[in-house]
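For reference, the structure discussed in these notes is given below.
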Amino acid sequence: MTTMHALVLHQVGDVRYEPIPCPEPGPGQVRIRVGYCGVCGSDIPRLFEKGTYRFPLVCGHEFAGTVDLCGPDVEGFEKGQAVTVFPLIWCGRCSACERGNYAQCFDYSYLGSRENGAFAEYVVAPACNLLPVPEGVSLEEAAMTEPAAVALHALRRTGRNLTGLTVAVFGCGPIGLLAALWARLGGAAKILLFDVVEEKLSLARGLGFARVFSTKEEDPVRRIEIETMAQGADICIEAAGVPATLIQACSACGRGGHVVLLGNPATDVVLSAPLLSQMMRREVTVVGTWNSEYGVYTTSDDWHTTLSAMATGQFNVKPLISHKVPLVQAVEMLQAMHQRRVHSVKVLIAP
Numbered sequence: 001m002t003t004m005h006a007l008v009l010h011q012v013g014d015v016r017y018e019p020i021p022c023p024e025p026g027p028g029q030v031r032i033r034v035g036y037c038g039v040c041g042s043d044i045p046r047l048f049e050k051g052t053y054r055f056p057l058v059c060g061h062e063f064a065g066t067v068d069l070c071g072p073d074v075e076g077f078e079k080g081q082a083v084t085v086f087p088l089i090w091c092g093r094c095s096a097c098e099r100g101n102y103a104q105c106f107d108y109s110y111l112g113s114r115e116n117g118a119f120a121e122y123v124v125a126p127a128c129n130l131l132p133v134p135e136g137v138s139l140e141e142a143a144m145t146e147p148a149a150v151a152l153h154a155l156r157r158t159g160r161n162l163t164g165l166t167v168a169v170f171g172c173g174p175i176g177l178l179a180a181l182w183a184r185l186g187g188a189a190k191i192l193l194f195d196v197v198e199e200k201l202s203l204a205r206g207l208g209f210a211r212v213f214s215t216k217e218e219d220p221v222r223r224i225e226i227e228t229m230a231q232g233a234d235i236c237i238e239a240a241g242v243p244a245t246l247i248q249a250c251s252a253c254g255r256g257g258h259v260v261l262l263g264n265p266a267t268d269v270v271l272s273a274p275l276l277s278q279m280m281r282r283e284v285t286v287v288g289t290w291n292s293e294y295g296v297y298t299t300s301d302d303w304h305t306t307l308s309a310m311a312t313g314q315f316n317v318k319p320l321i322s323h324k325v326p327l328v329q330a331v332e333m334l335q336a337m338h339q340r341r342v343h344s345v346k347v348l349i350a351p
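For the sequence shown, position 69 (counting from the first letter as 1) is numbered 69 according to UniProt numbering, and the numbering increases by one without interruption.
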């Protein structure tokens with residue numbers, strides 16, 4: 001095998017379905033035949049607005065597939081084995097890596113943004129980044145491991161036991177909905193979801209959430225005040241990345257509560273002096289979150305926890321998969337997503 005097809009980003013907005021050399025695994029690497037690759041919210045601006053770290057590049061980092069070929073010195077994997085892949089490639093030399101905190105690596109690479117990713121028939125990754133997919137978990141579900149782990153990590157960043165808490169989620173995109181699902185699984189007493197898009201709100205209701213509100217119709221801060229008898233939410237997750245929702249999340253957070261910054265910021269945010277004063281008096285904790293915790297020598301990290309929850313049926317991501325698109329038709333779908341000509345939740349691209 002010498003060539004494969006991939007979606008190649010040549011410049012901002014110039015995405016082409018074309019043949020390229022098929023990657024060969026080096027020492028410690030595995031070549032994976034991609035089964036499905038999800039389209040992340042960060043992929044659309046990367047493809048059509050901001051660009052990436054180098055050109056040409058194959059994007060795509062939310063994926064699962066099957067082992068195709070192992071490079072030298074690789075043991076423990078066999079051809080045809082279903083795997084999912086942690087896309088951040090850590091250096092292994094910095095202080096963060098020494099602590100096993102790979103997502104905070106000082107000199108990392110990344111599949112789909114710094115080196116070729118999985119909008120392709122095949123992709124190469126370090127063997128240590130591969131996780132076997134448990135029995136009973138489909139490749140479609142396994143391709144959702146990365147965003148599900150990111151959402152779990154966001155809640156874990158608060159360090160709180162969720163039992164009995166009130167959690168407010170601002171933004172009902174895939175990550176926001178996944179965070180709400182984790183909050184429910186974690187025992188949160190009340191989960192409130194807010195968005196402006198009716199299709200997203202309908203999906204949230206379809207997932208069994210009762211407290212789902214359109215911010216076109218009511219003020220979320222006031223709604224949270226009513227739902228909590230003026231106590232405020234224990235955890236506010238900002239999952240939209242727009243100034244208004246961050247301000248709302250900060251305003252609605254109760255005493256000793258946590259605001260989690262999960263959505264990629266679209267522009268600058270200005271917090272007023274009165275709001276900052278309120279947050280200080282309430283001793284609100286604001287935490288940033290990025291990526292997820294992946295462990296080579298543990299099974300309690302975000303990735304193992306996510307796959308285990310999928311395998312036991314506790315965590316169902318299937319309702320979030322709205323489209324499955326062949327690789328040959330994916331450029332058209334990506335353009336439609338960018339131009340907002342199609343409503344989607346999670347789009348999976350299948351080579």
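By construction, the Cβ of each residue, glycine as well, lies at the ideal position given by its N, Cα and C atoms.
Which partner residues of Phe170 appear in the DSSP bridge assignment?
Working through the sequence shown from its first residue, we reach residue 170 at position 170. Partner(s): Phe194 and Glu238.
Does the region 53 to 67 come close enough to the region 4 to 11 to have 3 or more Cβ pairs within less than 8 Å?
Contact between the region 53 to 67 and the region 4 to 11 is present: three or more C-beta pairs spanning the two stretches fall below 8 Å.
Distance, Asn316 Cα to Asn291 Cα
Residue numbering aside, residue 291 sits at position 291 when the sequence shown is read from its first letter. Residue numbering aside, residue 316 sits at position 316 when the sequence shown is read from its first letter. C-alpha separation (whole angstroms): 21 Å.
Any idea what DSSP makes of residue 372, helix, strand or coil?
In the structure as shown, the chain begins at 1 and stops at 351. Residue 372 is therefore absent and cannot be evaluated.
Buried or exposed: where does Leu275 fall if 16 or more other Cβ atoms within 10 Å of its Cβ makes it buried?
As a first step, residue 275 must be located in the sequence shown, where it is residue number 275. Burial call: exposed.
Ser322 to Glu18, Cα distance in whole Å?
On the sequence shown, residue 322 is found 322 positions in, with the first residue counted as 1. On the sequence shown, residue 18 is found 18 positions in, with the first residue counted as 1. Rounded to whole angstroms, Ser322 to Glu18 spans 26 Å at the Cα level.
In terms of alpha-carbon separation, which member of Phe48, Glu146 and Leu47 lies closest to Phe63?
Locating residue 63 in the sequence shown gives position 63, counting from the first residue. Out of Phe48, Glu146 and Leu47, Glu146 has the C-alpha closest to the C-alpha of Phe63.
Taking the C-alpha atoms as reference points, what is the distance between Gly263 and Asp68?
The residue you call residue 263 lines up with position 263 of the sequence shown. The residue you call residue 68 lines up with position 68 of the sequence shown. Distance between the alpha carbons of Gly263 and Asp68: 35 Å.
Span separating the alpha-carbon of Thr267 from that of Cys70
On the sequence shown, position 267 is the one that residue 267 refers to. On the sequence shown, position 70 is the one that residue 70 refers to. Looking at the two C-alpha atoms, the distance is approximately 43 Å.
If you draw a straight line from the alpha carbon of Thr245 to that of Val287, how long is it in whole angstroms?
Locating residue 245 in the sequence shown gives position 245, where the first residue counts as 1. Locating residue 287 in the sequence shown gives position 287, where the first residue counts as 1. Roughly 15 Å between the two C-alpha positions.
Does the distance from the CB of Met310 to the CB of Val137 come in under 7 Å?
Start at 1 with the first residue of the sequence shown, and residue 310 comes out as number 310. Start at 1 with the first residue of the sequence shown, and residue 137 comes out as number 137. In contact: Met310 and Val137 (Cβ atoms closer than 7 Å).
Mind checking which residues open and close the alpha helix (DSSP H) that includes Pro56?
Reading the sequence shown from its first residue, position 56 is the one you call residue 56. Counting along the chain, Pro56 falls outside any alpha helix (DSSP H), and DSSP gives it neither H nor E.
Looking at the structure shown, is Asp43 part of a helix, part of a strand, or coil, going by DSSP?
In the sequence shown, counting from the first residue as 1, residue 43 sits at position 43. Asp43: helix per DSSP, three-state reduction.
Given a threshold of 16 other Cβ atoms within 10 Å of its Cβ, counted over all protein chains shown, does Ala210 qualify as buried or as exposed?
Taking the first residue of the sequence shown as 1, we reach residue 210 at position 210. Within a 10 Å sphere around the beta-carbon of Ala210 sit fewer than 16 other beta-carbons, which makes this residue exposed.
Apart from the five residues on each side of it in sequence, which residues of its chain come closer than 7 Å, Cβ to Cβ, to Glu78?
For the purposes of this step, residue 78 is taken as residue 78 along the sequence shown, with counting starting at 1. Excluding residues within five positions, the ones whose Cβ falls inside 7 Å are Val67.
State the Cα-Cα distance for the pair Asp219 and Gln104, rounded to the nearest angstrom.
In the sequence shown, counting from the first residue as 1, residue 219 sits at position 219. In the sequence shown, counting from the first residue as 1, residue 104 sits at position 104. Asp219 and Gln104: Cα-Cα distance of roughly 36 Å.
Comparing alpha-carbon positions, which option in Gly92, Ala118 and Ile226 lies nearest Thr84?
Against the sequence shown, residue 84 aligns to sequence position 84. If we check each option's Cα against that of Thr84, Ala118 comes out closest.
Assigned exposure category for Lys346 - 16 Cβ within 10 Å defines buried
Position 346 of the sequence shown, counted from the start, is the residue given in the question as residue 346. So Lys346 ends up on the buried side.
The alpha helix (DSSP H) with Thr145 in it runs from where to where?
To locate residue 145, count along the sequence shown from 1; it is residue 145. From DSSP, the alpha helix (DSSP H) with Thr145 extends over Thr145 to Arg156.
Cβ of Asp302 within 7 Å of Cβ of Leu152?
Reading the sequence shown from its first residue, position 302 is the one you call residue 302. Reading the sequence shown from its first residue, position 152 is the one you call residue 152. For Asp302 and Leu152, yes; Cβs fall inside 7 Å.
Measuring only the C-alpha atoms, how far is Leu181 from Gly164?
Here residue 181 is taken as the residue at index 181 of the sequence shown, counted from 1. Here residue 164 is taken as the residue at index 164 of the sequence shown, counted from 1. Answer to the nearest angstrom: the Cα atoms are 15 Å apart.
Have a look at the DSSP bridge pairing and note the partners of Thr66.
Position 66 of the sequence shown, counted from the first residue, corresponds to residue 66. Beta-bridge pairing links Thr66 to Arg33 and Ala82.
Please classify Arg341 as buried or exposed, where buried requires at least 16 neighbouring CB atoms within 10 angstroms.
Locating residue 341 in the sequence shown gives position 341, where the first residue counts as 1. Result: exposed.
Identity of the residue in Gly13, Gly60 and Glu24 nearest Gly41 by Cα:
Position 41 of the sequence shown, counted from the start, is the residue given in the question as residue 41. The shortest Cα separation from Gly41 among Gly13, Gly60 and Glu24 belongs to Gly60.
DSSP-derived helix/strand/coil call for Glu49:
Against the sequence shown, residue 49 aligns to sequence position 49. The answer is helix: DSSP assigns Glu49 an H, G or I state.
Nearest to Thr305 by alpha carbon, out of Met337, Gly28, Gly257 and Pro132?
Here residue 305 is taken as the residue at index 305 of the sequence shown, counted from 1. The shortest C-alpha separation from Thr305 is found at Pro132.
In angstroms, rounded to a whole number, what distance separates the CA positions of Val296 and Cys128?
For this step, residue 296 is matched to residue 296 along the sequence shown. For this step, residue 128 is matched to residue 128 along the sequence shown. Taking the straight line from one Cα to the other gives about 7 Å.
Using only the alpha-carbon positions, how far apart do Gly35 and Cys253 sit?
Against the sequence shown, residue 35 aligns to sequence position 35. Against the sequence shown, residue 253 aligns to sequence position 253. Spanning the two alpha carbons is a distance of roughly 41 Å.
With C-beta atoms as the reference, is Pro134 less than 7 Å away from Leu307?
Residue mapping note: residue 134 aligns to position 134 of the sequence shown, counting from 1. Residue mapping note: residue 307 aligns to position 307 of the sequence shown, counting from 1. In this structure, Leu307 lies closer than 7 Å to Pro134 by Cβ.
So, for Thr228: in the same chain, excluding its five sequence neighbours on each side, which residues have a beta-carbon less than 8 Å away from its beta-carbon?
As a working note, residue 228 is residue 228 in the sequence shown. Excluding positions up to five away in sequence, the list reads Thr166, Lys190 and Gly254.
What separation, rounded to the nearest whole angstrom, lies between the Cα atoms of Leu201 and Gly159?
For the purposes of this step, residue 201 is taken as residue 201 along the sequence shown, with counting starting at 1. For the purposes of this step, residue 159 is taken as residue 159 along the sequence shown, with counting starting at 1. Distance between the alpha carbons of Leu201 and Gly159: 28 Å.
Which one of Leu193, Asn161, Ser109 and Ala336 has the shortest CA to CA distance from Gly186?
Translated into the one-based positions of the sequence shown, residue 186 becomes position 186. Ranking Leu193, Asn161, Ser109 and Ala336 by Cα distance to Gly186 puts Asn161 first.
Straight-line gap, Ala237 to Ala143 (C-alpha atoms, nearest Å)
Numbered from 1 along the sequence shown, position 237 holds the residue referred to as residue 237. Numbered from 1 along the sequence shown, position 143 holds the residue referred to as residue 143. Checking the sequence shown, residue 237 turns out to be Ile, not Ala. Rounded to whole angstroms, Ile237 to Ala143 spans 23 Å at the Cα level.
Start and end of the beta strand (DSSP E) containing Asp14?
Counting from 1 along the sequence shown, the entry for residue 14 is found at position 14. Residues Asp14 to Pro21.
Tell me the rounded alpha-carbon separation between Ala239 and Val150.
Along the sequence shown, read from residue 1 onward, the residue named residue 239 stands at position 239. Along the sequence shown, read from residue 1 onward, the residue named residue 150 stands at position 150. Distance between the alpha carbons of Ala239 and Val150 is about 11 Å.
Residues of its chain near Pro25, where Cβ-Cβ distance is below 8 Å and the 5 sequence neighbours each way are ignored:
By one-based count along the sequence shown, residue 25 stands at place 25. Around Pro25: Arg31, Leu69, Cys70, Gly71, Val74 and Val124.
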